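Numbering (this note's numbering), first residue to last: -7 to 416.
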């Protein structure tokens, strides 16, 4: 891997004109260099993964991160009413890497717009469809944590940055980007002009990568409350009611030189990711999601006690899912609940419950009760996958009335602030 993909950048100031660790568009003149950029893009996107998932999960009372940094149990849990810092690692350590990915994507799009030897017009569409999809993926994640603060979409020109788009405008822009990408992928031929790593082995052609794109489009439709469109987009994704619930693209890790280890794997040490006690206490008896995702290990820190650590990742080389078929099925269930198709929603929920070793859902089927059940299923199915904070916020449950407060004086944050480096 080329050095300009492996050296970290310390700031996310978009107005910086020169980045010595990355090539300019004029330096990308061969197909090999452009393909190396796609490799670097996929490498970069992993850098913010750990803190994104643990910081948002801590706020949502999904988990604790016990380690040497007290801010994980103080700032993120609102200890003594404390607010989030707009220049702390729990914000900048995911925000900056994710926007470096956006820069990578913009660079890739600009590079293939030139006449690069060996890159056909058809292959250009593959590069742009890939890059636009990955940009949209980043923007969804940023918006999920910044909430009403919005997301900055236009950053290609450091001298003319676009505004932070909020709410409907943000989702419309992201969906438009995904639809542009889908159109490009349709025109990209049978194969990409570049390779993707093993985590995309089922999504390494334009047609199959588009299934990932449509899964993201369905997620955006979910956040837009466009319930019928959720089902439409799922129909052209990798959604499968009879398939592997873990199917979907993944981030890969290894101990190879210039690669990363899985940052969510902490081994058996006391410094670890722990389930919030309510995760185990509130689980239904026999729920295999709890048994497979957590392992008994007691630890205490900052007047907080955890009883189970994460057990999803058992080695530093385990892959991490980006979006799984299980989430898609639960998205379909939610869309059906919102359209008052209770029987269909329950049928879909039961696919997930059966896989978890549980009996079919037998509770009330009014919309409010089913939404509560749906959110519970999403908690246990998607634990440590970075969606809980957004799930609670969109149903107005990211608050002390709906979440456990572990220490007197703790508060529940509803969103992350705009980072200091991007606030002007």
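All residues carry an ideal CB built from backbone N, CA and C; glycine is no exception. Owing to the predicted nature of the structure, the values given are computational and were not obtained by experimental measurement.
Under DSSP, the beta-bridge partners assigned to residue 264 are 58.
Residue 368 holds the alpha-carbon nearest to the alpha-carbon of residue 389 among 402, 16, 368. The straight-line gap separating the alpha-carbon atoms of residue 209 and residue 200 is approximately 14 Å. Contact check between the stretch 97 to 105 and the stretch 169 to 183: fewer than three CB pairs, one atom from each, fall below 8 Å, which does not count as touching.
Taking the C-beta atoms as reference points, residue 288 is found no nearer than 8 Å to residue 267.
Between the stretch 379 to 399 and the stretch 340 to 348 there are fewer than three inter-stretch CB-CB distances shorter than 8 Å, so the stretches are not counted as touching. Straight-line spacing of the CA atoms in residue 318 and residue 23 works out to 37 Å.
At the C-beta level, residue 111 and residue 104 come within 8 Å of one another.
Annotated as proximal: residue 257 and residue 310, with beta-carbon spacing under 8 Å. Closest in alpha carbon position to residue 240, among 68, 58, 41, 194, is 194. When the Cα atoms are used, residue 391 and residue 269 turn out to be separated by approximately 17 Å. Residue 125 is positioned such that its CB atom lies no closer than 8 Å to that of residue 165. Cα atoms of residue 21 and residue 102: separation of roughly 11 Å, rounded to the nearest angstrom.
Ranked by Cα distance from residue 187, the options 19, 374, 373, 32 are led by 32.
When C-alpha distances from residue 402 are compared across 40, 76, 154, 42, the shortest belongs to 76.
Exclusion of the five residues before and after residue 350 leaves 276, 278, 279 as the residues of its chain whose Cβ lies within less than 7 Å of its Cβ. Distance between residue 69 and residue 115, taken at the CA atoms: about 47 Å. With a threshold of 16 other beta carbon atoms within 10 Å, residue 387 falls short and is exposed. Every unbroken stretch of the alpha helix (DSSP H) spanning 4 or more residues and falling wholly within the stretch 24 to 84 is given here in chain order: 41 to 51.
Its chain contains 244 as the residues whose beta carbon lies nearer than 6 Å to that of residue 190, once the 5 sequence neighbours on both sides are disregarded; these appear in chain order.
Taking a 10 Å sphere around the C-beta of residue 322, we find 16 or more other C-beta atoms and assign the residue as buried. If one requires a minimum length of 3 residues, no beta strand (DSSP E) run lies completely within the stretch 301 to 387. In this structure, the straight-line span from the alpha carbon of residue 83 to that of residue 411 is close to 7 Å. A direct Cα-Cα distance of roughly 29 Å separates residue 71 from residue 159.
Pairing residue 316 with residue 242, the inter-Cα distance amounts to about 9 Å.
In this structure, the straight-line span from the alpha carbon of residue 284 to that of residue 46 is close to 19 Å. The beta-carbon separation of residue 226 and residue 320, rounded to 6 Å, stays under the 8 Å limit for a contact. Here the alpha carbon of residue 327 sits roughly 29 Å from the alpha carbon of residue 42. Taking the Cα of residue 52 as reference, the smallest distance to any Cα among 230, 271, 324, 359 is reached at 271.
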